[in-house]
Each structure stands twice: as structure tokens, then as C-alpha cells.
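My numbering applies: residue 3 is where the sequence shown begins, and numbers increase by one.
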Amino acid sequence: GLLPDVMLFDPDMQQEEMPLLLERNSPYLEFYEKLRTNLHRQGNQAPKVLLLSSGAKEEGKTFCAYNLAIAAARAGKRTLVIEADLRSPSKAESLKIVPHPHSCAEPLRYYGDINDCIRQVPEIENLYMIPSPGVVKQPGGIIESSEMQRLLSDSRHRFDFVILDAPCMTHNNDAFILEPYTDGMIIVTRPHYTVSGMLTEVIEQLTNDEEDESSKSGPKFLGVVVNGADIPVDFPLEPLDDLDISESQIADSPRPSIGATASTGGVLTQVQS
Numbered sequence: 003g004l005l006p007d008v009m010l011f012d013p014d015m016q017q018e019e020m021p022l023l024l025e026r027n028s029p030y031l032e033f034y035e036k037l038r039t040n041l042h043r044q045g046n047q048a049p050k051v052l053l054l055s056s057g058a059k060e061e062g063k064t065f066c067a068y069n070l071a072i073a074a075a076r077a078g079k080r081t082l083v084i085e086a087d088l089r090s091p092s093k094a095e096s097l098k099i100v101p102h103p104h105s106c107a108e109p110l111r112y113y114g115d116i117n118d119c120i121r122q123v124p125e126i127e128n129l130y131m132i133p134s135p136g137v138v139k140q141p142g143g144i145i146e147s148s149e150m151q152r153l154l155s156d157s158r159h160r161f162d163f164v165i166l167d168a169p170c171m172t173h174n175n176d177a178f179i180l181e182p183y184t185d186g187m188i189i190v191t192r193p194h195y196t197v198s199g200m201l202t203e204v205i206e207q208l209t210n211d212e213e214d215e216s217s218k219s220g221p222k223f224l225g226v227v228v229n230g231a232d233i234p235v236d237f238p239l240e241p242l243d244d245l246d247i248s249e250s251q252i253a254d255s256p257r258p259s260i261g262a263t264a265s266t267g268g269v270l271t272q273v274q275s
């Protein structure tokens, strides 16, 4: 399935904010639920710890990770989002989460106490987050630290579904370092943003690594999600009438311009080796 372009009418939303699917009756949630259930078809057992990355920035991986987590939580799964991009500012405030005030100064100590770094997302039952400290020094060293490994292991046992929002793969190896501690990886792409040659290089590296590890029960590359597809969504008219929004306003309304706005991502394309 495809994940549609998301358009939310929220007068308080800033242009840079992600249009997250916080409403329980959002018609967009079913597309993320379809993506979640499609993961069950990727082998004998659905991945419990899933890593999302992309080839480059602005492709919407964080948007997809957050909304996939919301869909899982709405489905009754005890879900954890781990912000694993230590090279970018935290987006936790999009979910009304305030990061730990001292996490940036002492990131290893922060990750060393899972009870201290886990936050419950307000207004969404079953959804939890470990916010990142933001931009830190030597992020690769923190990613491969024993504290991070213990945190991932502990999270696996505490939650039904864990989603890691990792950095893009073309400028650093953070996602590759995290991959062995997960059950699978999805690459998020976006039309007019993803460079085909760059994506091909990333996929070849992932599939070659998978062939080298074929004799082991290690993580696997699950496929590609296309973020930003233009597909119809059955949207009830009543809420629009209540908002007193005309059809011309809908047609002309600006849409948030982050990789999120168009979460096309529902297509889970299995890569044939």
C-alpha cells in the first residue's frame, strides 16, 4: 500500500512542524496500519525492533517513523520510538515531549538509565519515546557504546514494537552500526528528493551485507517505503464544514514542506537478491 500526502487543517501548526496523525479517527492512519501489518509478511515473524533510515535528508523518515509508531500504539501495541539521530536536533517536541535537560552534556549517562530517558507521549496511549540529546560530539561512539546496546536490548523486552529513527546513510555509518541490534531495516525515499544512484548504492551495500551474513540469523533489509505519493484519501466532509473552509481554500492551501508532508511511504518493496 501507499502512504498518502498528508494535509492537516490546523491554524496553530507552524510551517516547519510535522503534520503528525494525532487524531484517533484520522483517515490517514489506515495507510500506516497497512504498512505495519505488511511487515508481518516479511518472513516467519514480524520485526519487533525496526530501523528506519534514508539515503539523504528531507525524505521524511522521521515523519514516517513517528506516524508508524502512532498507528501501532492505536492498534494496542506497546510502542517505543528511539530518536537515534544524534547529528540533528530532537523532534520530540512534535509529540509534546521535553527532552532531559542534561542529556546533551552527558549522553552516555543518559542512555545508561532507561528508566530515566523513556518518556510517555501525552494523549496517545501505549506510545513512548526516548528523545535524543540532540547534536552531540562523537555521535558514532555513542551509537556503538555498551550503554546504547543495553538500552536496545532492554527495550526489546519491555515493548511490543520498537522503532529506531536513524540518520540518513550517505554521510555516516550510524544506521549500519545500529542494524545488527534490530530485526530489519526500511529505507524511506521521496519523489524528486531521492537520488536514484545514491539509493542504488545504499541498497547494494545492504543486500551485499545480507548475502555475506546469509548463514546467520541476523537483521535483514525489508524494503523501500516511498514517501510522498499522490493518492486519494476518503476524508469525511463534516469536519471541513465545521471549519468553514471552502473548496478553493482547500485547493490553494499551502502544505508543510518537510519530508513529512507527503508520507507516501506505504509501498513496501521487497528487494530481490
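We treat Cβ as the ideally placed atom computed from N, Cα and C, and that holds for glycine. Computed from a predicted structure; not experimentally measured.
* Asked: Assuming residue 69 and residue 22 make a contact with CB atoms under 8 angstroms, what is their CB distance in whole Å?
  -> Residue 69 sits at position 67 when you count from the first residue of the sequence shown. Residue 22 sits at position 20 when you count from the first residue of the sequence shown. Yes, residue 69 and residue 22 are in contact; Cβ-Cβ is about 6 angstroms, under 8 angstroms.
* Report yes if the CB atom of residue 82 is closer than 8 angstroms to the CB atom of residue 67, and no otherwise. => Position 80 of the sequence shown, counting from 1, holds the residue named residue 82. Position 65 of the sequence shown, counting from 1, holds the residue named residue 67. Not a contact, by the Cβ cut-off of 8 angstroms.
* Do the stretch 151 to 163 and the stretch 133 to 141 meet, that is, are 3 or more Cβ pairs less than 8 angstroms apart? -> no
* Go through its chain and collect everything with a Cβ distance to residue 103's Cβ below 6 angstroms, but skip five positions before and after it. => On the sequence shown, residue 103 is found 101 positions in, with the first residue counted as 1. There are no such residues.
* Asked: Can you tell which of 228, 223 and 107 has the C-alpha that lies nearest to the C-alpha of residue 192?
  -> Counting from one through the sequence shown, the residue named residue 192 turns up at place 190. Checked all of 228, 223 and 107; the closest Cα to residue 192 is 228.
* To do: Check residue 60 in the structure and name its three-state DSSP category.
  => Numbered from its first residue, the sequence shown carries residue 60 at position 58. If DSSP states are grouped into helix, strand and coil, residue 60 belongs with coil.
* **Beta-bridge pairing of residue 55 - partner residues as DSSP gives them** => The residue you call residue 55 lines up with position 53 of the sequence shown. Note: residue 55 sits in a beta bridge opposite 189.
* Could you name the residues of the same chain whose beta carbon sits closer than 7 angstroms to that of residue 128, not counting the 5 residues immediately before and after it, in chain order? => Numbered from its first residue, the sequence shown carries residue 128 at position 126. If we look at residue 128 and ignore the five residues flanking it on each side, its Cβ neighbours are 75, 78, 79, 80 and 81.
* Asked: For residue 34, which residues from the same chain have a beta carbon less than 6 angstroms from its beta carbon, with the 5 sequence-adjacent residues on both sides left out?
  -> Numbered from its first residue, the sequence shown carries residue 34 at position 32. These residues qualify, in order along the chain: 69, 70 and 73.
* Closest to residue 205 by CA distance: which of 56, 174, 167 and 87 is it? -> Residue numbering aside, residue 205 sits at position 203 when the sequence shown is read from its first letter. Among 56, 174, 167 and 87, the Cα nearest to that of residue 205 is on 56.
* By DSSP, does residue 174 sit in helix, in strand, or in coil? -> Within the sequence shown, the letter at position 172 stands for residue 174. Note: residue 174 maps to coil in three-state DSSP.
* **Beta-carbon separation (whole angstroms), residue 114 vs residue 149, contact threshold 8 angstroms** => Counting from 1 along the sequence shown, the entry for residue 114 is found at position 112. Counting from 1 along the sequence shown, the entry for residue 149 is found at position 147. Yes, they are in contact, since the Cβ atoms of residue 114 and residue 149 sit about 4 angstroms apart, within 8 angstroms.
* If we ignore side chains and look at the alpha-carbon of each, how far apart do residue 145 and residue 225 end up? -> As a first step, residue 145 is located in the sequence shown; it is residue number 143 there, counting from the start. As a first step, residue 225 is located in the sequence shown; it is residue number 223 there, counting from the start. Their backbone Cα atoms lie some 23 angstroms apart in a straight line.
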